[in-house]
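**Q** Residues are numbered in the working numbering as their position in the sequence shown, beginning at 1, plus a constant of 928.
After the structure tokens below, expect a handful of questions from me.
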Amino acid sequence: MCNFCNKEFVAQKYNTKSCSNRCANLSHKMKVRQDKENMFNDNEIYKRLLHKLLVSVERIEIALELYGVKQQISKEELLSPEKYCELMNIHRKTLTRMIQRNEVAIIKQGNKILINKNQLKNTTNDKC
Ligand SMILES: [Zn+2]
């Protein structure tokens, strides 16, 4: 049977796959085109995968950046009450009073209290 037109034919040789030169040529051209299409499809798949990968990397980079910024804030901008008292040279009870009088802005994280560093400048050091 011809591999191009599917017509039955008597083969001259055992390995002849097409009924005529015309069918052999067309069959060859079709195969070449098919290969090209497959190659193109493969390229498209790789391009899409690469794009996905790049998007993922971008997301990871953004996440890491945000994480880094968060870490910086928690490490550099926020103080524990104990650290704040130490830097301000005040007693912990004094700080509690200052918080109650709204003299110091606090940040609540769960049941923890944190104080922004900018509160160091704004508050006068009175130990009443
Ligand atoms: Zn044929």
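Glycine included, each C-beta is placed from N, C-alpha and C at the ideal position.
1) Going by DSSP in three states, Cys1056 sits in which element: helix, strand or coil?
2) Quick check on this structure: which residue in Cys951, Asn943, Tyr942 and Lys941 has the alpha carbon closest to the alpha carbon of Cys933?
3) Is Ser948 a contact residue of ligand 1, with contact defined as CB to any heavy atom under 8 Å?
4) Once the 5 residues before and after Ile937 are set aside, which same chain residues still bring their CB inside 6 Å of it?
5) The alpha helix (DSSP H) that contains Ile1027, what's its start and end?
6) Looking at the structure shown, is Ile990 part of a helix, part of a strand, or coil, going by DSSP?
7) Which partner residues of Leu1007 appear in the DSSP bridge assignment?
8) Using the three-state DSSP reduction, which class does Lys957 fall into: helix, strand or coil?
9) Are there 16 or more other CB atoms within 10 angstroms of the CB of Tyr995, so buried, or fewer, so exposed?
**A** So, to answer that:
1) Residue numbering aside, residue 1056 sits at position 128 when the sequence shown is read from its first letter. Residue confidence for Cys1056 is low, a pLDDT of 49 falling below 50, so the modelled location carries little weight; the figure read from the coordinates is stated next. Looking at Cys1056 - three-state DSSP - the assignment turns out to be coil, as it is neither helix nor strand.
2) The sequence position of residue 933 within the sequence shown is 5, counting from 1. Cα-wise, what sits closest to Cys933 is Cys951.
3) For the purposes of this step, residue 948 is identified with residue 20 of the sequence shown, where counting begins at 1. At least one heavy atom of ligand 1 is nearer than 8 Å to the Cβ of Ser948, so yes.
4) In the sequence shown, residue 937 corresponds to position 9, counting from 1. Checking the displayed sequence, the identity of residue 937 turns out to be Phe instead of Ile. For Phe937, where only same-chain residues beyond five positions count, the Cβ hits under 6 Å are Cys930 and Cys947.
5) Position 99 of the sequence shown, counting from 1, holds the residue named residue 1027. Start and end: Arg1020 to Gln1028.
6) Taking the sequence shown and counting its residues from 1, one reaches residue 990 at position 62. In the structure shown, Ile990 sits in a helix (DSSP, three-state: H, G or I).
7) On the sequence shown, position 79 is the one that residue 1007 refers to. Paired residues: Ile1043.
8) As a first step, residue 957 must be located in the sequence shown, where it is residue number 29. Looking at Lys957 - three-state DSSP - the assignment turns out to be helix.
9) Stepping through the sequence shown from its first residue, residue 995 is reached at position 67. It is exposed - the Cβ of Tyr995 has fewer than 16 other Cβ atoms within 10 Å.
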